[in-house]
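Step one of this worksheet: look at the structure below.
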Amino acid sequence: MANKHMAEILCIIDGMTDPGFCAADYPHLASMRLMGYQDNTLGGEPETLNCVLHLLGVTHVPKHLRGYIEALGSGISVCPDDLILRGSWYHLDETGRFSAPCDAPEELRNPTFRYYYLGQYKSLLVFPHMADRISLISTCLPSSCVSRKAADLVPVGSDILKRVFLQCLSQERFMALWGQSVAADLMPFPKRAAVVCGKGTVKGIGKALGMDLIPVKGATGDTDTDITAKVDSALQAAQKYPFVLLHINGADEAAHRKKPMEKREFLKRVDAQVLAKLLKSSHRITVVSDHGTDPANGLHLGDKQPVFVIR
25 MANKHMAEIL CIIDGMTDPG FCAADYPHLA SMRLMGYQDN TLGGEPETLN CVLHLLGVTH
85 VPKHLRGYIE ALGSGISVCP DDLILRGSWY HLDETGRFSA PCDAPEELRN PTFRYYYLGQ
145 YKSLLVFPHM ADRISLISTC LPSSCVSRKA ADLVPVGSDI LKRVFLQCLS QERFMALWGQ
205 SVAADLMPFP KRAAVVCGKG TVKGIGKALG MDLIPVKGAT GDTDTDITAK VDSALQAAQK
265 YPFVLLHING ADEAAHRKKP MEKREFLKRV DAQVLAKLLK SSHRITVVSD HGTDPANGLH
325 LGDKQPVFVI R
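Residue numbers (our numbering): 25 to 335.
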């Protein structure tokens, strides 16, 4: 007889794969059935926003969505006529090229925008009454521009954004402006669903799709996240919801820092502490990566991702 509380748990390990990834290195993952490989980008950028939405069945992702989703995930109120951008802070080397992320300032005062610190290297900028300029603006995705000179990444199509970029550019660091967006609506997820995550983007996706966010103390969205608390929360949620999204982000962050051993050790912890518990449950488990992330250069990878299932 089927367990009346059986649910579907989709475990997305952000940035799990890379050229050196081998499932056999992770015994619990290797014990699952490999269903095949799938393209989670669907022709879009190999980014968490696109790939996670595609994994959740959203085939058409609005073009200008990223900043708005970040705002949703961080509880930041925006108006329909606001222009929203992500601001990612990076160190600069002696040649003026950006390399590793650096800590974002917690405050940045400017009369033309509202600045929000999102933790680590991440920030969000809201420009009131500028939504109508969205089609004129062009920016560069930082994960595709590693080792380029910061001066080459000046936003195009807005003098205001150009001034903000140049004001935040120094010899030591700069803020990449990208992910320009405006408020948008998505079709609700077709089932009652819960989200367990620490990454703001995924929280925003959950809110946009009408999912319930399950707060987890110690969920940081990095390698220091409390993965035991996260998997326990996901299993508890699976007793009430037919679908649970469990998102684990640390491997992606370690790869962005170009630390292959940190990434590998984190994945070993996930295998031993998260997948071991999931596989002992009676739920239907799917484990997949949204995209790959190469710790050799810190870049996202758009290749097809393996899909592991049990039950």
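Glycine included, every Cβ here is placed at the ideal spot set by N, Cα and C.
Quick caveat, the model's predicted, so the values are computed rather than measured.
Under 8 angstroms between C-beta atoms of residue i and residue j
{"i": "S101", "j": "Y145", "result": "no"}
{"i": "L386", "j": "H29", "result": "Here the chain covers residues 25 to 335 and nothing more, so residue 386 does not appear."}
{"i": "L89", "j": "S205", "result": "yes"}
{"i": "Q297", "j": "I251", "result": "yes"}
{"i": "L190", "j": "I161", "result": "no"}
{"i": "T247", "j": "G222", "result": "no"}
{"i": "G143", "j": "H315", "result": "no"}
{"i": "Y50", "j": "L259", "result": "no"}
{"i": "H271", "j": "I33", "result": "no"}
{"i": "P70", "j": "L325", "result": "yes"}
{"i": "Y114", "j": "K328", "result": "no"}
{"i": "T317", "j": "C35", "result": "no"}
{"i": "L79", "j": "G228", "result": "no"}
{"i": "F282", "j": "G322", "result": "The sequence as given places Lys at residue 282; Phe does not occur at that position. Going by C-beta atoms, K282 is nearer than 8 angstroms to G322."}
Closest Cα partner of residue i within the set the options
{"i": "G81", "options": "D127, H115, F213, S205", "result": "F213"}
{"i": "D209", "options": "L73, L270, I93", "result": "I93"}
{"i": "G224", "options": "A48, I158, Y140", "result": "Y140"}
{"i": "E286", "options": "L149, A275, L323", "result": "A275"}
{"i": "A320", "options": "S123, A48, C221", "result": "S123"}
{"i": "K87", "options": "D295, D248, G203, L323", "result": "G203"}
{"i": "L107", "options": "R157, V85, L73", "result": "R157"}
{"i": "C103", "options": "L270, M154, C35", "result": "M154"}
{"i": "S159", "options": "C35, S147, V180, S171", "result": "V180"}
{"i": "P125", "options": "L79, L149, A200", "result": "A200"}
{"i": "T9", "options": "R293, R138, P166", "result": "Given that the chain is displayed from residue 25 to residue 335, the structure contains no residue 9 and the question cannot be resolved."}
Straight-line gap, residue i to residue j (C-alpha atoms, nearest Å)
{"i": "F45", "j": "G67", "result": "23 angstroms"}
{"i": "V188", "j": "P152", "result": "14 angstroms"}
{"i": "A174", "j": "E277", "result": "21 angstroms"}
{"i": "E118", "j": "D42", "result": "29 angstroms"}
{"i": "Q195", "j": "A128", "result": "15 angstroms"}
{"i": "L299", "j": "V312", "result": "12 angstroms"}
{"i": "A232", "j": "D63", "result": "23 angstroms"}
{"i": "N74", "j": "S305", "result": "29 angstroms"}
{"i": "L58", "j": "S182", "result": "47 angstroms"}
{"i": "H280", "j": "V76", "result": "18 angstroms"}
{"i": "T72", "j": "P135", "result": "31 angstroms"}
{"i": "A207", "j": "L193", "result": "28 angstroms"}
{"i": "A47", "j": "D105", "result": "46 angstroms"}
{"i": "H84", "j": "R288", "result": "33 angstroms"}
{"i": "K264", "j": "D236", "result": "11 angstroms"}
{"i": "F198", "j": "S55", "result": "44 angstroms"}
{"i": "I37", "j": "S171", "result": "26 angstroms"}
{"i": "S98", "j": "C169", "result": "26 angstroms"}
{"i": "S257", "j": "S147", "result": "27 angstroms"}
{"i": "N273", "j": "V226", "result": "10 angstroms"}
{"i": "D295", "j": "I238", "result": "22 angstroms"}
Per DSSP, cross-strand counterpart(s) of residue i
{"i": "S162", "result": "V180"}
{"i": "V268", "result": "I33, A218"}
{"i": "K173", "result": "R121"}
{"i": "L323", "result": "D318"}
{"i": "H115", "result": "R197"}
{"i": "D236", "result": "A218"}
{"i": "R57", "result": "V333"}
{"i": "F151", "result": "L107"}
{"i": "K146", "result": "S112, G143"}
{"i": "S205", "result": "I108"}
{"i": "T41", "result": "According to DSSP, T41 bridges with nothing at all."}
{"i": "R308", "result": "E32"}
{"i": "Q62", "result": "Q329"}
{"i": "R138", "result": "V150"}
Nearest-angstrom Cβ-Cβ length linking residue i and residue j, presumed shorter than 8 angstroms
{"i": "R110", "j": "G91", "result": "6 angstroms"}
{"i": "P266", "j": "R216", "result": "6 angstroms"}
{"i": "V219", "j": "G230", "result": "4 angstroms"}
{"i": "V331", "j": "K301", "result": "The pair is not a contact, with the Cβ atoms about 20 angstroms apart (cut-off 8 angstroms)."}
{"i": "L177", "j": "C164", "result": "5 angstroms"}
{"i": "A262", "j": "A31", "result": "4 angstroms"}
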